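Scroll down for the structure; my scribbles are underneath it.
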Amino acid sequence: MRTHRFLFVIALTALVGLGIGWGLVQGQTRKVVAPESLLPEDSVLLVHVDGALSHSEAFQKTAAYDALYKSGLIGFFEKTFERAKKMAGPLPTKPYLDAINVIVEKGFSIAVTPGVGEKGPQPWAVAVLHDGAALDKLISSTIQLASNGELKPTKKTIGKRTVVHLDIPDSPGVELGWWPEGKHLVVAIGLNAIEQSLAVIDAKSPNVTTNSLWAKYSQSEQSELTSFGWLNLVSLRSLFGGMPVPTKNSESQTTVQEILVTLGLDNLNSIGIQAGIKGRSLTSLSVIDAPGERRGLLSLMNQEPIKLTDLPPLPEKLSALMVSSCDSARAAQTVWDVAVGLEKLLSPDTSNVTTARDTAKNQLGIDVIDDLLAGLGNVTCLYNDEAQTGFGIAPTLVVEVADAAKLNAAWDHLLVQMLPQVSQGKARGVVVDQNGTKTYTIESPQLGISPAISVSDKWMCLSLLPQPVAAFNLRVAGELPVWDSQSLPRETLAEVPESFTGLTIVDPRATYRLILGLAPIAAGVAQAAIAQSAVQSGGEEENTPPANPPMIFQISDLPPAELVTKWLYPNVVSTMVDENGVTTKTSSSLPGLPIPGGDSGAASVAVPAVLVALLLPAVQQAREAARRSQSKNNLKQIGLAMHNYHDTFENFPSGAFENADLGVDQRLSWMVSLLPFIDQSGLYNQLKLDEGFSSETNQPLLETPIITYMNPGYSPDGFLTHYVGIGGLTEDGPTAELPSKIAGVFGYDRKTKISDITDGTSNTVMVAESTGLSGPWGQGGPATVVPLTQPPYINGPDGIGGPFRGGCHFLMADGSVRFISENADPTVIEKLATIQGGEVVEDF
């Protein structure tokens, strides 16, 4: 259905409007059991999100809908996603996808509360999945699956309800429970969470609708509200304000409340967020409630309001603009004063903060606050002057000047006098005075760019390149055209307030032009990687493509960028301060990134998030293909080193160095023997080969990461290895003497020759990827030699396997690398693990 097609995009677009992931749209029809009646009154954190279905009509009237759906852009990604699913084959994810669909369509609510108990707070949380009662069995099965059957929820009857219950192990009495409530599913977790939640549901305790913040944020006169939430700091202060906090002076202590007073956060009451739809635009509203006198960090909100007429002359074609009112010197001094006060409170015997400022002053020769920032005014503009560079990115900062003489003196000292000294002549500041405007350019061959700063009586301009600075000064002189705010579309201009303390205007069209321009190239690269992945995962011969490479992307289905952007207009974020706190409003046609166009704050990630989510299966396969290829190359390097070693010594290395005084796990490993053959002779020559792994000399050297021994499919693990030698069959395999039907290529104290491998080198595995459970590459014994002891042999208990789907790579004794499926017959893998088994090896 068409409605279902855009549910996912509605969700992610609204998520960004909220800034913290609260963006599905609100339902208009209340159920018999209203979700809010299941939430506790004293919720310190609340997220209330109703389902996407109820606002489909409103969303279809927005510019976002036109750009994404009418253009065919989402249709392209839907087709791509369906092709990716077919290529991946059947996956056990349908129940989870169905559950996500219910949550997106119907919504959810989450509340966190400190709770009340005889011995103090009993914190707990509750989630309500709207119309999600049928999901209860999925939770039970998921928990058992994730815990490998160790956690088994049980049912108990409480009144007329059947509650599925689970005590969280190794916790101070935390319980998890879930049960249907009408059409909804209630999930409670915390201390005595089930009892406290049922008390709310049964009206023995008040629900959230009696909370004053519910009345404040659950409705909106400005837009069709889609979701909302809050963080109630008053409740948190009342509960935890008296909690003691240790200080460096063991004889004294302070409290959380005293720290908040020192920071100036003691009258920060709450933070609220709303998201909605208003006409053609997606909107959001965030409120910081901080009435009364604002001190410390909260005083940073007290900035003089400014207007569009206060702005400097800006480029005529403007794709991204961020304006703020900020007294930089006062703000910096406030932060410094707070830091000094906090240090006196927590560490009264030290003065590190004061010392740091004095040290900086002595080293720089100026006080940054008094001698530099004090020369600046309130108006600050950051914009992108895309006309000055071929690639369209030239961030430029312009700040109002309060004292030009002070600024020039500071820059003269820092750039002309000090910079050549501290850079030892590798950089210098060149100053040019033209008609009373000083321009400083930093020149350095090593830097690659030439940042520039100009100071006039009214404005200071900074950029990474001199051209945007020169262009700004030409606009000041009236020699270049300037931006006219009246040129903004009416949808954008209507959202710009007369006065503000912060304003961001960003045109998202540049984002989509760039993304759609790069899409064909990116898709081609991804398609090639996917085809290569199919070759490797299928186990075909190297460099032999499949007969019909899977085509995930059909670039011809991608709509023209102009068709996508024709409905869009610049987005606006405005911030205003009054006696009650700070209010920030967002109105956007479609959120975007400033590359060079975009949006500010969390609103800049919505559409990229949509694209990432839709492309994730294919992109993930492309990334996995690259990592598979690198891991395969690592094994080839190990195989080449093994054969070069054999050519030199007429045998492969033993699993551990000979040392009768040490146990096998204290001796050096076979990987140490290969160091000279993988370009690590320098490290090898520093080792004392007659000493053990943990000797004073060897241990620090063996902590050196060796890239060849590390699988790129895992996060870097320092000195660990992700590859292991195969030690035959059973726990006796690594100690078996030849002839033996259980011996592998590696024995702890055995040196295998190619002539010993009577099963054939192409039918014998020598080294395998591990599941990440192996040990240091320099340690002998089980850390680097593993026998097959218990099926499944791949991704099973022996630790042989890897991070890649479907199986893992094995290095054969002939130096080739094969990808063997985790579903391969265990008896075949057993035959491959031995060197003298005498078996006939079937295809694998």
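Start counting the sequence shown at 5; every next residue gets the next number (our numbering).
The C-beta atom is built at its ideal place from N, Cα and C for all residues, glycine as well.
Please read these numbers as outputs of a predicted model, since none were measured by experiment.
Asked: DSSP beta-bridge partners for ASN388?; Found: PRO399
Asked: Using a 10 Å radius around the Cβ and a threshold of 16 neighbouring Cβ atoms, would you call VAL749 buried or exposed?; Found: buried
Asked: Step through the CB atoms of chain B and report whether any lies within less than 8 Å of the CB of ALA408.; Found: No chain B is present in this structure, which holds just one protein chain.
Asked: So, is PHE653 buried or exposed, given that buried needs 16 or more other C-beta atoms within 10 angstroms?; Found: exposed
Asked: Quick check: ARG809 and GLY717, are their CB atoms within less than 8 Å of each other?; Found: no
Asked: Between which two residues does the beta strand (DSSP E) harbouring PRO791 extend?; Found: 789-792
Asked: Excluding sequence positions up to five away, which residues of its chain have a Cβ less than 8 Å from the Cβ of LEU469?; Found: GLN392, THR393, ALA398, ILE453, SER454, PRO455, ALA456
Asked: Identify which residue in GLY841, PRO801, TYR797 has its Cα closest to the Cα of ILE824.; Found: TYR797
Asked: Got a sec, what are the start and stop residues for the alpha helix (DSSP H) MET675 sits in?; Found: 674-677
Asked: By alpha-carbon positions, which one of LEU350, LEU72, HIS52 ends up nearest to GLN257?; Found: LEU350
Asked: State the DSSP-derived secondary structure class of VAL845, mapped to helix, strand or coil.; Found: coil
Asked: Could you check whether GLY528 and ALA565 sit closer than 8 Å to each other, using their CB atoms as the reference points?; Found: no
Asked: Can you tell me whether DSSP reads GLU154 as helix, strand or coil?; Found: coil
Asked: Quick one, are the C-beta atoms of THR768 and ILE761 less than 8 Å apart?; Found: yes
Asked: Excluding the 5 residues flanking LEU618 on each side, which residues of the same chain have their C-beta closer than 6 Å to its C-beta?; Found: In this predicted model, LEU618 has a pLDDT of only 35, less than 50, meaning its place in the structure is not dependable; the value taken from the coordinates is given anyway. So the qualifying residues of the chain are PHE81, PHE85.
Asked: Does the contact criterion of 3 or more C-beta pairs under 8 Å hold for the segment 104-112 versus the segment 43-61?; Found: yes
Asked: One question on the structure: do ILE198 and VAL167 come within less than 8 Å of each other, judged by their Cβ atoms?; Found: yes
Asked: I want to know whether the segment 172-191 touches the segment 66-79 - three or more CB-CB distances under 8 Å.; Found: no
Asked: Please classify GLY842: is it buried, with 16 or more other beta-carbons within 10 angstroms of its beta-carbon, or exposed?; Found: exposed
Asked: Within the chosen definition, does the segment 701-713 reach the segment 813-833 through at least 3 CB pairs nearer than 8 Å?; Found: no
Asked: For PRO743, which residues of its own chain have a beta-carbon under 8 Å away from its beta-carbon, when the five flanking residues on both sides are left out?; Found: GLN840
Asked: Looking only at its chain, what residues have a beta carbon closer than 6 Å to the beta carbon of ASP407, apart from the 5 residues adjacent to it on each side?; Found: GLY379
Asked: On a CA-only basis, which of THR251, GLY779, ASN388, GLU61 is nearest THR354? Give me that one, please.; Found: THR251
Asked: Go through its chain and collect everything with a Cβ distance to THR569's Cβ below 6 Å, but skip five positions before and after it.; Found: ARG513, TYR516
Asked: Taking DSSP as the reference, what is the three-state secondary structure of ASN236?; Found: strand
Asked: Which of helix, strand or coil does DSSP assign to ILE710?; Found: coil
Asked: Put MET422 into one of helix, strand or coil per three-state DSSP.; Found: helix
Asked: Comparing alpha-carbon positions, which option in ALA150, GLU308, LEU43, PHE63 lies nearest VAL191?; Found: LEU43
Asked: Tell me which residues share the same chain as VAL581 and place their Cβ nearer than 6 Å to its Cβ, disregarding the 5 neighbours each side in the sequence.; Found: MET305, THR505
Asked: What does the alpha-carbon distance come out to for the pair SER592 and TRP234?; Found: 22 Å
Asked: Quick check on the DSSP output: what are the complete alpha helix (DSSP H) runs of length 4 or more inside the segment 100-185, in order along the chain?; Found: 140-150
Asked: Does ALA360 pass the burial test, meaning 16 or more other C-beta atoms within 10 Å, or should it be called exposed?; Found: exposed
Asked: So, with DSSP's three-state summary, where would you put GLU225?; Found: coil
Asked: Can you name the start and end residues of the alpha helix (DSSP H) that ASP407 belongs to?; Found: No alpha helix (DSSP H) holds ASP407; DSSP gives it neither H nor E.
Asked: With a threshold of 16 other CB atoms inside 10 Å of the CB of LEU572, please say whether the residue is buried or exposed.; Found: buried
Asked: Is the beta carbon of LEU346 closer than 8 Å to that of CYS302?; Found: Per the sequence shown, residue 302 should be read as Leu rather than Cys. Not closer than 8 Å, so no.
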